Amino acid sequence: MQLHQAHDCDHADDSISLRNTLVREVHHRIKNHLQGVAGLLRQHANEHPEIRPIMDTAITQIQAVAAIHGLQGKQAGSRVNLCDMVSSIASTVGDLTNAQIVPSIMADSAMPAQISESEAVAIALILNELIMNAVKHSPIREESRRIIRIGVTSARKAAQVRIFNQGKLPLGFNFERSQETGNGLSLVHSLLPVEGASLRIMAANGGVETVLDVSPPIVVPH
Numbered sequence: 182m183q184l185h186q187a188h189d190c191d192h193a194d195d196s197i198s199l200r201n202t203l204v205r206e207v208h209h210r211i212k213n214h215l216q217g218v219a220g221l222l223r224q225h226a227n228e229h230p231e232i233r234p235i236m237d238t239a240i241t242q243i244q245a246v247a248a249i250h251g252l253q254g255k256q257a258g259s260r261v262n263l264c265d266m267v268s269s270i271a272s273t274v275g276d277l278t279n280a281q282i283v284p285s286i287m288a289d290s291a292m293p294a295q296i297s298e299s300e301a302v303a304i305a306l307i308l309n310e311l312i313m314n315a316v317k318h319s320p321i322r323e324e325s326r327r328i329i330r331i332g333v334t335s336a337r338k339a340a341q342v343r344i345f346n347q348g349k350l351p352l353g354f355n356f357e358r359s360q361e362t363g364n365g366l367s368l369v370h371s372l373l374p375v376e377g378a379s380l381r382i383m384a385a386n387g388g389v390e391t392v393l394d395v396s397p398p399i400v401v402p403h
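When you read off a place in the sequence shown, starting at 1, and then add 181, the result is the number in my numbering.
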């Protein structure tokens with residue numbers, strides 16, 4: 182009887198392992214397809230400079246979703262490490278816009294914040310729009326580049342992302358009421374989860390600071 186139970190357990194473990202392998206492969210293929218689409222859009226944008234700003238926004242959005250599938254394809258579960266998400270998206274935006282994006286990450290190495298599978302794409306698109314928005318509204322500084330600073334504090338049950346750029350908020354700006362926000366921040370407003378996430382955009386230290394706080398159910402236990 183005990184041998185039979187052990188055999189059943191081994192079979193169940195094999196099935197789970199196979200499923201996880203297949204899921205990772207699917208995520209990997211989706212990532213590759215999305216990156217292919219982004220590459221085609223980038224080529225089109227290079228051939229038509231007049232539509233480059235619009236295309237850049239679409240490209241980074243696609244790349245943000247691709248980044249999520251890439252991260253999910255590297256691990257057995259479908260949760261996404263927030264620090265890895267921020268680093269990947271910041272790198273993509275920096276490469277596309279030639280902005281100098283400086284991330285500073287302080288995370289609990291044993292238990293960094295993990296974003297739930299159901300909200301991973303929404304959070305990725307929100308971060309992408311916030312970083313792109315900071316780049317677009319920053320003056321050109323050193324070596325003809327815009328400089329964006331990102332701070333991430335990540336623990337098991339909660340995390341915070343702070344994005345700082347030089348510049349000023351528009352007169353009458355109010356994120357909560359979607360006043361003077363523009364298309365990008367309007368998208369952020371519509372994507373922001375009702376529970377477990379809050380966003381503040383304010384004038385600070387001679388520039389603009391955006392603060393995104395996430396907690397359960399967006400952040401899930403390990």
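Quick reminder that beta carbons are idealized off the backbone N, C-alpha and C, glycines included.
All values reported here derive from a predicted model rather than from experimental measurement.
message: Tell me the rounded alpha-carbon separation between Ala305 and Val392.
response: 15 Å
task: Give, in chain order, every unbroken run of the beta strand (DSSP E) that is at least 3 residues long and sits entirely within the stretch 291-352.
output: 328-335, 340-347
field: Integer Cβ distance of Arg343 from Glu310, believed to fall under 8 Å
entry: Contact doesn't hold; Cβ gap of about 16 Å is too wide.
task: Measure the Cβ-Cβ separation of Ala271 and Ile329 and say whether it is below 9 Å.
output: yes
- prompt: Out of Gln295, Ile331, Glu300, Ile243, which has the shortest C-alpha to C-alpha gap to Leu221?
  reply: Ile243
- request: Go ahead and label Thr278 buried or exposed: buried means 16 or more other beta carbons lie within 10 angstroms of its beta carbon, across all protein chains shown.
  value: buried
- request: Have a look at Val274, Ile235, Gln295 and flag the residue whose alpha-carbon is nearest the alpha-carbon of Asn262.
  value: Gln295
message: DSSP three-state label for Ile270, please.
response: helix
message: For a quick check, are the C-beta atoms of Pro284 and Gly332 less than 9 Å apart?
response: yes
message: Let me check understanding here. Comparing Cα to Cα, which of Glu357, Arg327, Leu352, Gln216 lies closest to Ser312?
response: What sits at residue 312 in the sequence shown is Ile, not Ser. Of the listed residues, the one whose Cα sits closest to Ile312 is Arg327.
task: My understanding is that Val316 touches Val274, with C-beta atoms under 8 Å, so please give their C-beta distance in whole angstroms.
output: 6 Å
field: Environment of Met182 [buried if 16+ CB atoms lie within 10 Å]
entry: Here the model assigns Met182 a pLDDT of 49, short of 50, so the residue's position is not dependable, and the following value carries that caveat. Exposed is the call here.
message: Quick check: the Cα distance between Asn213 and Lys255, rounded to an integer number of angstroms?
response: 13 Å
query: Applying the criterion that 16 or more other CB atoms from any shown protein chain within 10 Å of the CB defines a buried residue, is Val155 buried or exposed?
result: Residue 155 cannot be examined here, being either before or after the span of the chain that is shown, 182 to 403.
- request: Decide if Glu231 is buried, meaning its Cβ has at least 16 other Cβ atoms within 10 Å, or exposed.
  value: exposed
message: Excluding the 5 residues flanking Thr241 on each side, which residues of the same chain have their C-beta closer than 7 Å to its C-beta?
response: Thr273, Val274, Leu277, Asn309, Met313
- prompt: Bridge partners of Ile282, per DSSP?
  reply: Ile329
query: How many angstroms separate the CA atom of Ser371 from the CA atom of Ser396?
result: 18 Å
query: Can Ala384 and Phe345 be called in contact, C-beta distance under 9 Å?
result: no
For Gln281 and Pro402, the rounded distance between their alpha carbons: 33 Å
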